[in-house]
Structure formats: C-alpha cells, structure tokens
Amino acid sequence: MDINRFAEDRQDVFWVVGIGQTERHATTMRPGAVYAGQRVPALCEGEVKIPQPTPLGREPSTKNITGKCLECEGIVNAANYAETTWDF
230 MDINRFAEDR
240 QDVFWVVGIG
250 QTERHATTMR
260 PGAVYAGQRV
270 PALCEGEVKI
280 PQPTPLGREP
290 STKNITGKCL
300 ECEGIVNAAN
310 YAETTWDF
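Quick note, the working numbering runs 229 ahead of the 1-based positions in the sequence shown.
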C-alpha cells in the first residue's frame, strides 16, 4: 500500500481493481472494512466488487494494473483527496 502520511486533513480515497475489472476505480470506503464480494460505490457512480484476499506468500494479481478510471481520477484531482492504491 502507498499511504500519504501527510494527508491528515484530507478525505481518503482508495484505488481498487474490482472483480472482473481491468482498471482502478476510486472509492471512499476502506476496502479492508468490507467483505469480499461486496459492492462498494466508486466516485464515478459505478461500483467496485471487492475481491478475495491474496493468499500469504503470493503477489496480488492486480498489483501491475496502473490504469485508472478517468472520471474517478478527475474527481480525485479536483477534490484533492489523499490517495492510496489498494491491492488484495
């Protein structure tokens, strides 16, 4: 995870690759606080289906996905969110 330690007074946003998706979407819900398979709202008014955690000792399959939803990215930039890339 890449957490900005100097963003105390900014809203957090988490970049997540949902099940069956090929790019990251931003959500204000902390992904680790919801169960696998749950759908959470993305900033672009879409949804992200939270994947299963990766077994210990393996790399998350989404780690190399860097493409971001352009609509989510525009909202994040305009609102100056504190960003975290989250892989399971």
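The beta-carbon is built from N, C-alpha and C at its ideal position, and this holds for glycine as well.
Please read these numbers as outputs of a predicted model, since none were measured by experiment.
DSSP on residue i, reduced to helix/strand/coil?
i: A308; result: helix
i: E276; result: strand
i: P260; result: helix
Sort out for me which residues DSSP pairs residue i with in a bridge.
i: W244; result: A255, T314
i: R239; result: The partner list for R239 (beta bridge, DSSP) is empty, contrary to what the question assumes.
i: K297; result: R253
From residue i to residue j, what does the alpha carbon distance come to, in whole angstroms?
i: Y310; j: V242; result: 6 angstroms
i: R253; j: E276; result: 11 angstroms
i: T295; j: E274; result: 20 angstroms
i: G306; j: K297; result: According to the sequence as given, residue 306 is Asn; it is not Gly. Their backbone Cα atoms lie some 12 angstroms apart in a straight line.
Could you check whether the region 257-273 touches the region 284-293, counting it as contact only if at least three pairs of C-beta atoms, one from each stretch, sit closer than 8 angstroms? Counting C-beta pairs closer than 8 angstroms gives fewer than three between the region 257-273 and the region 284-293, which falls short of the contact rule.
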